[in-house]
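Read through the structure below, which is laid out as C-alpha cells, and then see the notes.
In the numbering used here, the protein residues as written are 256 to 375.
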C-alpha cells in the first residue's frame, strides 16, 4: 500500500480525518521537518524535538504479526541513529505492550505533552 492508503485505512479504524493528517504530513516532510519510515503496511512519522530526540506517530494497516515485524525494523533503524530518546503522545496499551515485548523499555514521559517515552 502507498503511505496515503495506509493513513486512510488507519483513519477509518481510529475515526479521525485522514485528509487533515495527510496535509500536515506533506507540509512537515516537504519542509524537511519530518521523516517517514515505511515497512510493510505501516508508516512511522518521526519529528525531531530538542535534546536529540524524536516524536513518533504510527499509522498501520498491518495485522498484529506483521506490525511486530515492521516495528522491529523501525526499532533497529532508530537504535542505529544518534537519537537519545523517542516520545509518544498516544495512549494505546496494546501498542505499548507490543513495544515492551520487542525489548523497548517504555516508561512515563519526562516531558509535558507526551504520555510515554523510551530511551534509545
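Backbone N, C-alpha and C fix where the C-beta goes; we use that ideal spot for every residue, glycine too.
From what residue to what residue does the beta strand (DSSP E) around residue 340 run? Per DSSP, residue 340 belongs to the beta strand (DSSP E) from 340-343.
Going by CA-CA distance only, name the one from 372, 319 and 311 that's closest to residue 362. Checking every option, the nearest Cα to that of residue 362 belongs to 372.
Among 332, 323 and 257, which has the Cα closest to the Cα of residue 351? For residue 351, the closest C-alpha among the options 332, 323 and 257 is that of 323.
Please return the same chain residues whose Cβ sits closer than 7 Å to the Cβ of residue 310, not counting the five positions on each side in sequence. Only 302, 304 and 342 meet the Cβ criterion.
Same chain, Cβ closer than 7 Å to residue 330, neighbours up to 5 away in sequence not counted: Excluding residues within five positions, the ones whose Cβ falls inside 7 Å are 357 and 359.
Whole-angstrom distance between residue 267 and residue 276, CA atom to CA atom: Rounded to the nearest angstrom, the gap between the Cα atoms of residue 276 and residue 267 is 12 Å.
Looking at the secondary structure, which residues open and close the beta strand (DSSP E) in which residue 292 lies? Counting along the chain, the beta strand (DSSP E) containing residue 292 begins and ends at 290-294.
Using alpha carbons as the reference points, say which of 274, 344, 370 and 353 lies closest to residue 318. A check of alpha carbon separations from residue 318 across 274, 344, 370 and 353 identifies 353 as the nearest.
Since residue 316 and residue 273 are thought to touch, with beta carbons under 8 Å apart, how far apart are those beta carbons, to the nearest angstrom? Contact doesn't hold; Cβ gap of about 12 Å is too wide.
The beta strand (DSSP E) enclosing residue 278, as first and last residue numbers: Boundaries for residue 278: no beta strand (DSSP E) harbours it, while the alpha helix (DSSP H) harbouring it runs 273-285, taken from the DSSP string.
What are the residues that DSSP puts in a beta bridge with residue 373? Paired residue(s): 341 and 361.
Looking at C-alpha atoms only, which residue of 307, 293 and 337 is the closest neighbour of residue 261? Just measuring C-alpha positions, the residue of 307, 293 and 337 sitting nearest residue 261 is 293.
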